[in-house]
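In order, the protein sequences belong to chains A and B.
Heads up: the first sequence at position 96 corresponds to 96 in the numbering used here, and the numbers run straight through without jumps.
Take any residue in the second sequence, note its place counting from 1, add 141, and you have its number in the numbering used here.
Note that the Cβ used here is the ideal one computed from N, Cα and C, for glycine as well.
Nothing here was measured: the structure is a model prediction, and the numbers come from that model.
Structure record follows, encoded as structure tokens.
Protein chains: 2
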Amino acid sequence: MDALSSTFAALADPTRRAILARLALGETSVTELTEPFEMSMPAVSKHLKVLERAGLIERGREAQWRPCKLTPQPLAEVSDWVEQYRELWERRLDRLEAYLQKLQADAANKPRRAAKTGAKTSAATRKNKETGHGRHARGKK
Amino acid sequence: MDALSSTFAALADPTRRAILARLALGETSVTELTEPFEMSMPAVSKHLKVLERAGLIERGREAQWRPCKLTPQPLAEVSDWVEQYRELWERRLDRLEAYLQKLQADAANKPRRAAKTGAKTSAATRKNKETGHGRHARGKK
DNA sequence: CGAGTATAAAACCATACGGTTAAATAACCA
DNA sequence: TGGTTATTTAACCGTATGGTTTTATACTCG
Numbered sequence: 001m002d003a004l005s006s007t008f009a010a011l012a013d014p015t016r017r018a019i020l021a022r023l024a025l026g027e028t029s030v031t032e033l034t035e036p037f038e039m040s041m042p043a044v045s046k047h048l049k050v051l052e053r054a055g056l057i058e059r060g061r062e063a064q065w066r067p068c069k070l071t072p073q074p075l076a077e078v079s080d081w082v083e084q085y086r087e088l089w090e091r092r093l094d095r096l097e098a099y100l101q102k103l104q105a106d107a108a109n110k111p112r113r114a115a116k117t118g119a120k121t122s123a124a125t126r127k128n129k130e131t132g133h134g135r136h137a138r139g140k141k
Numbered sequence: 142m143d144a145l146s147s148t149f150a151a152l153a154d155p156t157r158r159a160i161l162a163r164l165a166l167g168e169t170s171v172t173e174l175t176e177p178f179e180m181s182m183p184a185v186s187k188h189l190k191v192l193e194r195a196g197l198i199e200r201g202r203e204a205q206w207r208p209c210k211l212t213p214q215p216l217a218e219v220s221d222w223v224e225q226y227r228e229l230w231e232r233r234l235d236r237l238e239a240y241l242q243k244l245q246a247d248a249a250n251k252p253r254r255a256a257k258t259g260a261k262t263s264a265a266t267r268k269n270k271e272t273g274h275g276r277h278a279r280g281k282k
């Protein structure tokens, strides 16, 4: 599996995210990591293996302990990936704000009937025209 | 499942990330989404259901088409979550840099063995510093 | 109505996931 | 050596995932 996929997969479990949060405070043992959870130690051990395969933790050896250490570099790659979309969701919020302001302005001017707010269809259609990415632009091939 | 978990789970598949990348360019149909993949349409339909349950896409109705639209707000939550750890991985890089500089200084003084410089700095990290991406400018609701 | 198109749903299959308990390793200590 | 502690491995179980093919649904158009 590619690195990004295994990182996302590793993060898709609240137990594992809690483990990472704990490890952000410092290196610790499996036993200590297990304590907060209502879960057997082998279960935690499996979670640790998932985190390790994703490169999110490293494990040492110190007598009979296998201390876990957070290695956050894959998180930087997650950040890189998601930042690709930042403009998108910020722009969306901007448009929502603009839309709400327009609604408010319209309501102030001519308060007769509320728009059906089917901004769904019309807005989407318009956006497609703008970007030139019509759904069925391509017919059968 | 909690929102963050299902978002991460949805992102843990390269097909679904490719679908998101396509949808970032604009709304489109299931058929068009399927074309780039060596995969049946029901398979893509299932992926879309996963993305929809995670709130990453919305689906319209337009005749027999069910156009898909990216709704990137969950990505903002992913960003918020991962930014918690930014200081951690940047500090780690800082320490690595310091360590490498120290190695270099030591080597200059007493040059006996070469250091294994695996200095892989994240370009995105830099970029973020430059652009001053107001990562956490937005508070939580 | 009936034919065609776009999509979803059903049934199925193999594999992975997240958990369990019980047994095996590995290191320390007396 | 044997006993204790920390952790992993093995075997198992129920459910979810990602894919398939086949069937059903919903809509348009002639």
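Q. So which residues of chain B does A/L11 contact, with C-beta pairs closer than 7 Å?
A. Start at 1 with the first residue of the first sequence, and residue 11 of chain A comes out as number 11. Simply F149.
Q. Closer than 7 Å, CB to CB, is B/R207 near chain A or not?
A. In the second sequence, the residue the question calls residue 207 of chain B occupies position 66. False, the Cβ-Cβ gap to chain A never drops below 7 Å.
Q: Buried or exposed for B/E213, please, with buried defined as at least 16 other CB atoms from any protein chain shown within 10 angstroms of its CB.
A: Counted from its first residue, the second sequence places residue 213 of chain B at position 72. The sequence given here places Pro at residue 213 of chain B; Glu does not occur at that position. Buried.
**Q.** Rounded straight-line distance, which links the Cα of A/P14 to that of A/F8
**A.** Locating residue 8 of chain A in the first sequence gives position 8, counting from the first residue. Locating residue 14 of chain A in the first sequence gives position 14, counting from the first residue. Those two C-alpha atoms are separated by around 12 Å.
Q) CA-CA distance, A/E52 and A/S5? A) Position 52 of the first sequence, counting from 1, holds the residue named residue 52 of chain A. Position 5 of the first sequence, counting from 1, holds the residue named residue 5 of chain A. Cα to Cα, A/E52 sits roughly 14 Å from A/S5.
Q.
Just list the residues that DSSP pairs A/I57 with in beta bridges.
A. Start at 1 with the first residue of the first sequence, and residue 57 of chain A comes out as number 57. Paired residues: A/L70.
**Q.** Three-state secondary structure assigned by DSSP to B/E179
**A.** Here residue 179 of chain B is taken as the residue at index 38 of the second sequence, counted from 1. Here B/E179 sits in coil by DSSP.
Q) Counting only beta-carbon atoms, is A/P42 nearer than 7 Å to chain B? A) Translated into positions along the first sequence, residue 42 of chain A becomes position 42. So no, A/P42 is outside the interface.
Q: Closer than 8 Å by C-beta to B/H188: which residues in its own chain qualify, once you throw out the five before and the five after it? Chain order, please.
A: Within the second sequence, numbered from 1, the residue matching residue 188 of chain B stands at position 47. Excluding five sequence positions before and after B/H188, the CB atoms of its chain that fall closer than 8 Å to its own CB belong to D154, T156, R157 and I160, given in chain order.
Q. With respect to the alpha helix (DSSP H) encompassing A/L11, which residues constitute its N-terminal and C-terminal limits?
A. Numbered from its first residue, the first sequence carries residue 11 of chain A at position 11. Start and end: A3 to L11.
Q | Bridge partner(s) assigned by DSSP for B/W206 | A | Taking the second sequence and counting its residues from 1, one reaches residue 206 of chain B at position 65. According to DSSP, B/W206 bridges with B/E203.
Q.
Please report the straight-line C-alpha distance between A/W89 and B/G201, rounded to a whole angstrom.
A. One-based indexing of the first sequence puts residue 89 of chain A at position 89. One-based indexing of the second sequence puts residue 201 of chain B at position 60. Taking the straight line from one Cα to the other gives about 19 Å.
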